[in-house]
Amino acid sequence: MDQLPAGACRLRRFAAWIAPLAAVSALALPGIASAQSGAKTAVEAAKKICAGKTITIVWEAGLQSLDPLNFSGPMWEKETGCKIKVVEVPTAEMFTKIMQEYRSGTGAYDALNVIPAWMPDLVQAGALEQLDTLVDKYGYRGELQKIAPIFRDNWMKVNNKIYGFPDDGDVFIMYYRKDVFARADLKKDFQAKYGYELAAPKTWKQFEEIGSFLTEKLKRDGMYGASFFREPPYTLFMFEERFRNEGGRFFDAATMKATINNPTGVRVFTEMRDENKFMPPGVEKFGFVENLATFVKGESAMTISWPPYGRFAAGYLANEKALDWVPKSTIADKVGYALPPGGHPELAAGFSLSVASTSKQKEAAYLFIQWLNSEEISALRVRLPYTLRDPFRDSHYTDPVYLKLWPDAKDYLAALKAASLSGLLDLSLIQTDKYEEAMRQGISRLWAGEDPKSILDDVAKQWDEVTAKVGVEKQKAVYTEWAAKSGGYPK
Amino acid sequence: MSTLAIPRAGFAQRHFNYLLVGPAILLLLLIGIFPLVYLLIVSFQGITMTDNSSDFIGADNYRALFADARLWQALLHTAIFTAISLPIELALGLAMALLFLDRMPGRAIFVALLLLPVVVSPIVSGATWSLMFDHRFGPINQIIGWLHGAELTLLWTISPHLVYPAIIVAEIWQWTPFMFLLLLAALGNVDRSQLEAAQIDGAGWWRTFHRIVLPAIRPVMTIAILIRGLDLFRLFDIVWALTKGGPGTMTETISIFTYVKGFQQFETSYTAAVALLVIVLLSALLMLALRRVELAR
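Protein sequences appear in the order of chains A and B.
Position one of the first sequence corresponds to residue 165 (this note's numbering), numbered consecutively onward.
Position one of the second sequence corresponds to residue 3 (this note's numbering), numbered consecutively onward.
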């Protein structure tokens with residue numbers, strides 16, 4: 165491996181370090197390391213049918229794919245003799261690539277990373293392999309049951325059949341500066357002005373008051389009350405979350421007419437636009453990295469994002485070569501974790517592992533994703549500092565190794581678990597992307613200064629057109645099923 | 003009187019030349035025409051990549067196309083970009099060519115440097131300009147801030163008043179050198195004796211340019227305008243990198259619209275209809291332009 169760059173060697177050394185550690189922790193958890201474990205079963209079977217072969221898996225490009233490239237792929241090959249080829253695809257193109265390959269029918273992909281909201285479309289098209297038979301053959305139902313209920317019950321099945329294994333506990337949580345919120349002078353002034361204690365906001369009204377107050381007090385020191393990623397694809401998730409927390413419904417359940425342009429939607433849109441005034445200038449252009457940089461450099465007191473922000477802010481293994489691009493955290497040990505205002509965070513995006521229906525080695529591909537997703541191996545993968553994979557099994561939230569990764573890790577995991585218990589699913593219908601695209605365009609118009617009501621009227625009209633094209637009754641059936649799920653609307 | 007009987011040439015001999023070029027023409031027709039025919043067929047079907055149906059649906063896609071306001075807006079945006087960028091690129095390119103026509107120290111180096119933007123891939127150019135216009139790190143906002151005397155946050159790729167200027171600046175920066183190069187070559191071939199004669203006759207600069215230079219470079223200039231006009235009609239990369247067609251669909255060009263419909267929304271047959279519409283429109287415009295400048299004869 166002389167040709168490997170220094171970074172890769174370091175990652176391998178990290179893998180070699182963490183593997184025995186994990187093995188010890190796995191032994192400490194009853195049952196996990198038994199001969200019947202999903203990981204062990206998959207390895208034994210793969211040795212027989214996959215040794216010498218290559219499994220091709222589609223993975224999100226960038227940090228995510230360092231998992232199969234540097235960690236799980238080499239580990240699987242060592243245990244089974246089965247090679248892993250990773251096809252890196254940017255998130256925005258994953259659906260397209262998967263569909264194109266399916267239509268061409270070449271069998272170029274064996275296993276897939278799939279955003280759960282796409283599942284109805286992919287299943288309807290026939291691109292995903294139904295996994296129930298293989299799950300039963302390899303006795304994996306038990307371990308699937310141990311996936312956190314919100315993911316297990318919502319990200320695994322279409323029409324009550326298994327098409328993917330939930331594999332990434334994506335959820336938005338709020339990160340706030342404990343030290344700022346604990347400052348006596350700020351607490352006193354805030355109490356005097358608003359009549360309640362300065363703390364992580366529980367409602368969006370509180371968020372607006374706290375954010376504008378902190379900006380007013382701290383702007384001269386280079387800190388804003390809050391910053392968010394505001395690029396439309398991210399804001400889409402935030403709108404979906406907030407709209408439902410405020411009591412909004414996407415559709416009239418009887419007629420399937422879009423209702424996002426109701427007073428709740430207009431109010432949410434208006435408030436989102438107005439909040440930008442106490443955020444850093446140009447926040448409308450903030451993406452994942454810009455917002456992360458703002459927060460970890462200590463330039464904002466609150467933000468909402470996916471779980472990796474917590475690890476990056478804590479400086480967890482920040483010296484990893486793969487994390488060179490992440491701005492060094494100046495706020496380690498100063499970050500508090502809370503549910504976003506409203507208390508029902510968005511389970512934004514996420515990933516499930518699936519098998520491509522056109523694969524020529526479906527069983528081998530299945531065994532690989534079972535092994536990846538198993539209690540034993542997933543515990544290692546969600547601890548990797550560089551891959552953006554987040555806890556998604558009940559055992560991950562109480563993993564004794566994880567709890568000690570940094571001083572506040574226990575609070576972090578507690579927040580993630582709480583978020584998973586009350587999280588809201590992304591809207592998932594037939595041709596979801598068309599609804600999302602209309603809303604993304606609406607959000608970009610919002611940042612351009614257009615009137616919230618007229619934007620949402622336009623978006624609602626486009627949604628109605630998509631629904632009519634799909635078929636009102638057909639879409640209604642899908643929506644009704646989605647809305648009835650535990651994460652459809654706040655219960 | 004005997005006559006020599008001249009043997010009648012066989013079919014193969016009489017049409018030998020056609021037989022020679024026939025396979026090549028057939029191949030070219032297959033390559034050139036087949037995709038168009040296939041596109042036409044697909045445009046009458048109901049193919050979407052998320053559905054398994056490929057039934058023929060008559061002219062539904064064309065009916066939808068004429069009722070699709072977003073499509074016509076995209077065509078309008080494309081026309082606006084073309085109408086503004088093309089004359090500016092031509093004028094600037096011509097001015098630069100006239101400037102660099104005379105020998106001067108370091109001319110070759112300057113010309114090479116001026117041509118660099120053309121070498122850059124359009125998507126890279128778009129990404130570069132995205133950084134240039136960045137509200138925090140971009141030099142443009144900084145310079146405007148210095149001139150203004152206070153820090154400014156101009157959101158070039160979000161504000162409705164700034165997106166068009168931003169895209170057009172990037173487009174002109176990249177493609178003016180192309181005009182410059184062609185026009186410089188054309189100007190270099192203008193008959194010197196005519197210019198000298200005009201000078202001796204006391205013709206002024208404008209008269210000389212209008213009567214001698216312009217007619218001499220017109221064929222090359224026409225080709226340059228046609229090439230750039232067609233390029234601008236296909237404008238994609240720079241807009242995609244800067245705004246992705248936003249805010250909303252405010253800067254969506256016909257190429258971006260087609261891409262979104264075809265590769266993000268998987269409306270395969272509808273996209274085929276759009277593509278055919280664009281082909282027909284472009285062909286008509288091209289024929290008109292060629293006829294007008296008498297190049298088609």
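Using N, Cα and C, we set each Cβ at its ideal position, and we do this for glycine too.
All figures in this text were calculated on a predicted structure; none of them were measured in a lab.
Practice prompt. Taking all protein chains shown into account, decide if A:Phe329 is buried (16 or more other Cβ within 10 angstroms of its Cβ) or exposed.
Written response: As a first step, residue 329 of chain A must be located in the first sequence, where it is residue number 165. Buried: at least 16 other Cβ atoms inside 10 Å.
Worksheet item: Near A:Gln370, which residues of its chain fall below 7 angstroms by C-beta distance, leaving aside the five closest residues on each side in sequence?
Response: Here residue 370 of chain A is taken as the residue at index 206 of the first sequence, counted from 1. The answer, listed in chain order, is Pro505.
Worksheet item: Would DSSP call B:Pro119 helix, strand or coil?
Response: The residue given as residue 119 of chain B occupies position 117 in the second sequence. Three-state result, B:Pro119: helix.
Worksheet item: Who are the near neighbours of A:Gln200 in its chain, counting only those whose CB is closer than 8 angstroms to its CB and skipping five residues on each side?
Response: Working through the first sequence from its first residue, we reach residue 200 of chain A at position 36. Only Gly303 meet the Cβ criterion.
Worksheet entry | Classification of A:Asn483 by the beta-carbon crowding that lies within 10 angstroms, buried from 16 upward | As a first step, residue 483 of chain A must be located in the first sequence, where it is residue number 319. That one is exposed.
Worksheet item: Taking Cβ positions only, does A:Gln639 come closer than 7 angstroms to chain B?
Response: For this step, residue 639 of chain A is matched to residue 475 along the first sequence. Closer than 7 angstroms: no.
Practice prompt. Report all residues from its chain with a CB closer than 7 angstroms to the CB of B:Ala291; omit the five preceding and five following residues, and keep chain order.
Written response: The residue you call residue 291 of chain B lines up with position 289 of the second sequence. The answer, listed in chain order, is Leu228.
Worksheet item: Run through DSSP, which three-state label would A:Val546 get?
Response: Here residue 546 of chain A corresponds to residue number 382 of the first sequence, with the count starting at 1. If DSSP states are grouped into helix, strand and coil, A:Val546 belongs with coil.
Practice prompt. List the whole-angstrom C-beta distance separating A:Glu540 from A:Ala312, where the pair is believed to meet the contact cut-off of C-beta under 8 angstroms.
Written response: Locating residue 540 of chain A in the first sequence gives position 376, counting from the first residue. Locating residue 312 of chain A in the first sequence gives position 148, counting from the first residue. In fact, because the Cβ distance is near 17 angstroms, the residues do not count as touching under 8 angstroms.
Worksheet item: In chain order, what residues of the segment 36-69 of chain B put their CB closer than 8 angstroms to some CB of chain A?
Response: Met51, Thr52, Asp53 and Asn54
Fill in: Close beta carbons around A:Gln639, own chain, < 7 angstroms, minus the five adjacent residues each side
Numbered from its first residue, the first sequence carries residue 639 of chain A at position 475. Same-chain partners within the cutoff: Met420, Leu593, Ile594 and Thr631.
Worksheet entry | Partners in chain B for A:Lys461, counting only beta-carbon separations shorter than 8 angstroms | Stepping through the first sequence from its first residue, residue 461 of chain A is reached at position 297. The contacting residues do not exist; A:Lys461 stays about 12 angstroms from chain B at best.
Worksheet item: What is the rounded straight-line gap between the Cα of B:Trp148 and the Cα of B:Val192?
Response: Locating residue 148 of chain B in the second sequence gives position 146, where the first residue counts as 1. Locating residue 192 of chain B in the second sequence gives position 190, where the first residue counts as 1. About 45 angstroms.
Worksheet entry | Burial state of A:His656 (16 or more Cβ within 10 Å) | The question about residue 656 of chain A has no answer, for chain A in this structure spans 165 to 655.
Item to complete: Give the DSSP-derived three-state secondary structure of B:Trp158 in the structure shown.
Response: The residue given as residue 158 of chain B occupies position 156 in the second sequence. Of the three classes helix, strand and coil, the one that applies to B:Trp158 here is coil, per DSSP.
Fill in: Cross-chain neighbours of B:Thr251 in chain A, by beta carbon under 8 angstroms
By one-based count along the second sequence, residue 251 of chain B stands at place 249. In chain order: Gln605.
Practice prompt. Mind checking which residues open and close the beta strand (DSSP E) that includes A:Thr467?
Written response: On the first sequence, position 303 is the one that residue 467 of chain A refers to. Note, A:Thr467: beta strand (DSSP E), Met466 to Ser469.
Discussion item. Would you say A:Arg431 lies against chain B (beta-carbon separation less than 7 angstroms)?
Written reply: Taking the first sequence and counting its residues from 1, one reaches residue 431 of chain A at position 267. No, A:Arg431 does not count as interfacial toward chain B.
Discussion item. Counting only C-beta atoms, is B:Asp212 closer than 7 angstroms to chain A at any point?
Written reply: For this step, residue 212 of chain B is matched to residue 210 along the second sequence. Before going on, a small fix: residue 212 of chain B reads as His here, not Asp. It does not; no Cβ of chain A falls within 7 angstroms.
Item to complete: May I ask which residues mark the beginning and end of the alpha helix (DSSP H) holding A:Ala502?
Response: Counting from one through the first sequence, the residue named residue 502 of chain A turns up at place 338. A:Ala502 -> not in any alpha helix (DSSP H); beta strand (DSSP E) instead, spanning Val499 to Ala502.
Worksheet entry | Cross-chain neighbours of A:Glu600 in chain B, by beta carbon under 9 angstroms | The residue labelled residue 600 of chain A in the question sits at position 436 within the first sequence. Those within 9 angstroms of A:Glu600 in chain B number zero; the least Cβ separation is about 10 angstroms.
Item to complete: Report yes or no: do three or more beta-carbon pairs, one from the segment 150-170 of chain B and one from the segment 244-258 of chain B, lie closer than 8 angstroms?
Response: yes
Practice prompt. Identify each residue in the segment 444-457 of chain A for which the Cβ-Cβ distance to at least one residue of chain B is less than 9 angstroms, and report them in chain order.
Written response: Pro444, Pro445, Gly446, Glu448, Lys449 and Glu454
Worksheet item: Using a Cβ cut-off of 8 angstroms, which residues of the segment 259-276 of chain B contact any Cβ in chain A, in chain order?
Response: Val262, Phe265, Gln266, Gln267 and Phe268
Practice prompt. Identify, in the order they occur along the chain, each residue of the same chain with its Cβ nearer than 8 angstroms to the Cβ of B:Ile174, setting aside the five sequence neighbours on each side.
Written response: Sequence index remark: in the second sequence, residue 174 of chain B carries index 172 (1-based). So the qualifying residues of the chain are Ser87, Ile90, Glu91 and Leu94.
Discussion item. Taking only three categories from DSSP, how would you classify A:Arg341?
Written reply: Looking up residue 341 of chain A in the first sequence gives position 177. If DSSP states are grouped into helix, strand and coil, A:Arg341 belongs with the strands.
Fill in: Start-to-end residues for the alpha helix (DSSP H) that takes in A:Val253
Counting from 1 along the first sequence, the entry for residue 253 of chain A is found at position 89. Segment Lys247 to Val253 is the beta strand (DSSP E) holding A:Val253; no alpha helix (DSSP H) there.
Worksheet item: What is the C-beta distance between A:Ser658 and A:Gly333, in whole angstroms, given that I count them as a contact (C-beta under 8 angstroms)?
Response: As shown, chain A starts at 165 and ends at 655. That puts residue 658 of chain A outside it, with no answer to give.
Worksheet item: Quick one: what does DSSP say B:Phe58 is sitting in, helix, strand or coil?
Response: Taking the second sequence and counting its residues from 1, the one referred to as residue 58 of chain B is at position 56. It is a strand residue.
Worksheet entry | Contact list for the segment 262-288 of chain A against chain B, Cβ threshold 9 angstroms | Met263, Gln264, Tyr266, Arg267, Asp285, Leu286 and Gln288
Worksheet item: Exposed or buried, B:Gln201, counting other C-beta atoms within 10 Å across all chains shown (16 or more means buried)?
Response: On the second sequence, residue 201 of chain B is found 199 positions in, with the first residue counted as 1. By the 10 Å Cβ count, B:Gln201 comes out exposed.
Fill in: Under 7 angstroms between C-beta atoms of A:Ala512 and A:Phe401
By 1-based counting over the first sequence, the position of residue 512 of chain A is 348. By 1-based counting over the first sequence, the position of residue 401 of chain A is 237. Yes, these two residues count as a Cβ contact at 7 angstroms.
Fill in: B:Met289 classed as buried or exposed, judged by whether at least 16 other C-beta atoms fall within 10 angstroms
For the purposes of this step, residue 289 of chain B is identified with residue 287 of the second sequence, where counting begins at 1. B:Met289 comes out exposed.
Fill in: Top-ranked residue by Cα proximity to A:Glu138, from B:Ala218, B:Leu283, B:Leu216 and B:Gly250
This structure gives no information on residue 138 of chain A, because the portion of chain A shown stretches from 165 to 655.
Discussion item. So, with DSSP's three-state summary, where would you put A:Asp416?
Written reply: Start at 1 with the first residue of the first sequence, and residue 416 of chain A comes out as number 252. Looking at A:Asp416 - three-state DSSP - the assignment turns out to be coil, as it is neither helix nor strand.
Worksheet item: Using CA coordinates, which residue listed in A:Glu527, A:Pro571, A:Ala256 and A:Ser464 is at the minimum distance from B:Val262?
Response: Working through the second sequence from its first residue, we reach residue 262 of chain B at position 260. The candidate whose alpha carbon is nearest that of B:Val262 is A:Ala256.
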